[in-house]
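The numbers in the numbering used here rise by one with no breaks, and the one at position 364 of the sequence shown is 379.
Glycine included, every Cβ here is placed at the ideal spot set by N, Cα and C.
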Amino acid sequence: MSGERRLPDGLRPETLAVRSALPPSQHGENSEALFLTTAYVQPDAETSARKFSNSEDFTYSRTSNPTVRSLEARLAALEGTEAAIATSTGMSAILLLGMGVLKAGDHVVCSRSVFGSTINLFAKEFAKFGVETTFVSQTDLTEWRAAIRPTTKLLFAETPTNPLTEVCDIRALADIAHGAGAILAVDNTYSTPALQRPAEMGADIVMHSATKYMDGQGRVMAGALCGPNSLIRDVFGPILRTVGMTLAPFNAWVVLKGLETLALRMKAQSEQALAVARWLEAQPEVDHVYYPSLASHPQHELAMRQQSGQGGAVLSFDLRADTPEAARAAAFHVIDSTRVLSIATNLGDTKSIITHPATTSHGRLTEVQRQAAGIGQGLIRLAVGLEHVDDITDDLLRGLSTLTIR
Ligand SMILES: *Cc1c(COP(=O)(O)O)cnc(C)c1O
């Protein structure tokens with residue numbers, strides 16, 4: 016082949032999502048190759064010795080793999096960060112984050128509304144190693160400021176949250192973190208870089224469960240951290256190589272191809288979710304709809320500013336009922352009356368998913384904790400997919416129109 020063609024600077028995100036990757040192999044494949052190999056053959060011992068001393072070279076797939084490297088290049092390009100490191104799941108990305116920036120005696124400030132396993136990881140697992148976490152309000156900045164200690168090293172936020180779609184101010188949290196000599200990490204799973212780019216708003220690390228919208232079709236588990244070389248290459252890279260929360264090449268390839276349609280999917284699914292949210296607001300059986308694009312959302316303006324004017328694909332709604340028992344019966348009736356939506360506890364799929372948070376994702380909380388978190392028995396979460404929007408509302412109407420319990 017003649018000289019290698021390099022992508023020009025200044026390409027737009029839609030182009031980067033399709034084009035950012037390692038150069039093709041000697042065969043010139045147009046679709047990025049899937050390198051299913053654990054080892055890499057070296058031409059001689061001298062070269063082998065050189066490659067083993069340079070972590071950028073391919074030697075063994077726990078430490079690096081060309082398909083995984085292509086995904087990392089594409090993720091960094093989309094988040095607008097210097098680098099990215101892929102991990103086996105979203106949770107192992109947060110584990111890697113903690114192992115990289117925390118040690119015994121350090122302190123973390125984290126929103127109370129983040130993903131349930133994230134709370135467990137900080138409150139239980141990291142606590143075993145002498146790291147203390149203070150959980151604060153998702154939206155009240157004074158609580159974040161008040162929680163800061165001299166030992167605070169990390170602020171961890173997720174926005175919007177599940178299932179109530181509460182939005183926090185990334186720029187304001189970055190300022191609080193930096194004023195305290197700490198870093199801000201933002202879980203960007205829900206919005207993805209197609210809608211929200213936390214690094215542009217001052218976040219030091221952007222974390223992903225690529226299991227959700229990045230794959231986008233509910234096939235594989237994957238995670239990532241995106242950020243500067245000083246953290247990704249110099250801090251997290253050596254830990255991942257030792258600890259081995261490595262992403263499998265096949266999973267990396269699936270997510271890499273998923274990213275090519277990410278912007279289209281996020282736009283389409285957000286538009287569908289808004290249409291469903293507006294329809295739900297007009298149903299007499301529905302008490303309240305939680306969705307950032309609705310004017311009734313308490314952080315509507317902030318959300319629209321941070322999320323490229325889109326609400327994302329997840330919404331929740333509360334059914335009218337007089338007692339928690341009646342509310343649960345009504346929610347179960349609406350869920351069980353569906354014939355198209357998937358009854359499951361996941362999101363980020365082309366298939367719409369309907370969930371009862373109080374008995375699934377938030378089922379292990381006590382009723383008092385659930386009430387405090389605003390997750391009642393009548394709450395239903397909907398992760399809107401790509402079916403025709405009228406088939407989604409028709410499916411919800413099957414249950415809403417036959418509700419007898421009040
Ligand atoms: C699913 C999820 C995670 C965990 O990711 P896994 O890939 O399931 O490990 C973390 N944060 C958010 C917001 C999620 O939705």
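Please state whether DSSP places Gly238 in a helix, a strand or coil.
strand
Can you tell which of Arg354, Arg234 and Thr408 has its C-alpha closest to the C-alpha of Leu438?
Within the shown structure, residues of the chain are numbered from 16 to 421, placing residue 438 beyond reach of any answer.
May I ask you to report which of helix, strand or coil DSSP gives Ala310?
coil
Simplified DSSP assignment, three categories, for Ser126:
strand
Around the Cβ of Met16, are there at least 16 other Cβ atoms within 10 angstroms (buried) or fewer (exposed)?
Annotation note: pLDDT 43 at Met16 (below 50); position unreliable, coordinate value reported separately. Answer is exposed; the Cβ neighbour count stays below 16.
Integer Cβ distance of Gly238 from Thr104, believed to fall under 8 angstroms:
5 angstroms
Please determine whether the Cβ atom of Glu147 lies at a distance below 7 angstroms from any heavy atom of ligand 1.
no
So, for Val404: in the same chain, excluding its five sequence neighbours on each side, which residues have a beta-carbon less than 8 angstroms away from its beta-carbon?
Gln287, Ala290 and Val291
DSSP bridge partner residues for Asp410 (one or two, in chain order)
Its beta-bridge partners do not exist; DSSP assigns none.
On the CB-based measure, 16 or more other CB atoms within 10 Å of its CB, does Glu71 come out buried or exposed?
exposed
Could you give the DSSP three-state label for Ile191: helix, strand or coil?
helix
Which residues DSSP lists as bridging His223, in chain order
According to DSSP, residue pairing for His223 in a beta bridge involves Ala239.
6 angstroms CB neighbourhood of Leu397 in its chain, flanking five on each side removed
Shown here for Leu397: same chain residues with a beta carbon closer than 6 angstroms to its own, the five before and five after excluded, namely Leu330 and Ile369 in chain order.
Tell me, to the nearest whole angstrom, how far the beta carbon of Gly393 is from that of Ala328; I am working on the premise that it is less than 8 angstroms.
The Cβ separation is near 22 angstroms, so there is no contact.
Residues bridged to Leu394 [DSSP beta-bridge criterion]
Per DSSP, the beta bridge partners of Leu394 are Asp333.
At a cut-off of 7 angstroms, is Asp230 close to ligand 3 when judged by its beta-carbon and the heavy atoms of the ligand?
Ligand 3 is not part of the structure shown, which contains ligand 1 as its ligands.
Sort out for me which residues DSSP pairs Val151 with in a bridge.
Ser126
Write down the C-beta distance between Ser76 and Pro264 rounded to the nearest angstrom, noting that I regard them as a contact closer than 8 angstroms.
7 angstroms
Within 10 angstroms of the Cβ of Arg164, are there 16 or more other Cβ atoms? Answer buried if so, exposed if not.
exposed
In the DSSP output, which residue or residues are listed as bridge partners for Glu173?
Asp202
Identify every residue that forms a DSSP beta bridge with Thr102.
Beta-bridge pairing links Thr102 to Gly238.
Is the closest heavy atom of ligand 1 to the C-beta of Ala173 under 7 angstroms?
For the sequence presented, residue 173 should be read as Glu rather than Ala. For ligand 1, at least one heavy atom lies less than 7 angstroms from the Cβ of Glu173.
Please return the same chain residues whose Cβ sits closer than 8 angstroms to the Cβ of Arg34, not counting the five positions on each side in sequence.
Leu22 and Leu26
Is the beta carbon of Asp302 closer than 8 angstroms to that of Asp337?
no
I need the boundaries of the beta strand (DSSP E) containing Val301, first residue and last residue.
Val301 to Tyr305
Ser480: beta carbon under 7 angstroms from a heavy atom of ligand 1?
Residue 480 cannot be examined here, being either before or after the span of the chain that is shown, 16 to 421.
Helix, strand or coil: which one does DSSP assign to Ser63?
helix
Out of curiosity, what's the CA-to-CA distance linking Ser48 and Thr261?
Just to set this straight, residue 48 is Ala in the shown sequence, not Ser. Rounded to whole angstroms, Ala48 to Thr261 spans 18 angstroms at the Cα level.
Cβ pair Val349, Gly414 closer than 8 angstroms
yes
Taking C-beta to C-beta, are Pro208 and Ile185 nearer than 8 angstroms?
Their beta carbons are not under 8 angstroms apart, which means Pro208 does not touch Ile185 by this criterion.
With which residues is Tyr55 paired in a DSSP beta bridge?
Answer by DSSP bridge pairing: none, since Tyr55 is not bridged.
Measuring only from the beta carbon, is Lys139 closer than 7 angstroms to any heavy atom that is part of ligand 1?
no
Quick check: what's the CA-CA separation for Arg20 versus Val269?
25 angstroms
Would the beta-carbon of Thr180 be found less than 7 angstroms away from any heavy atom of ligand 1?
The answer is no for Thr180.
Taking the CB atoms as reference points, tell me whether Phe67 and Tyr55 lie closer together than 8 angstroms.
no
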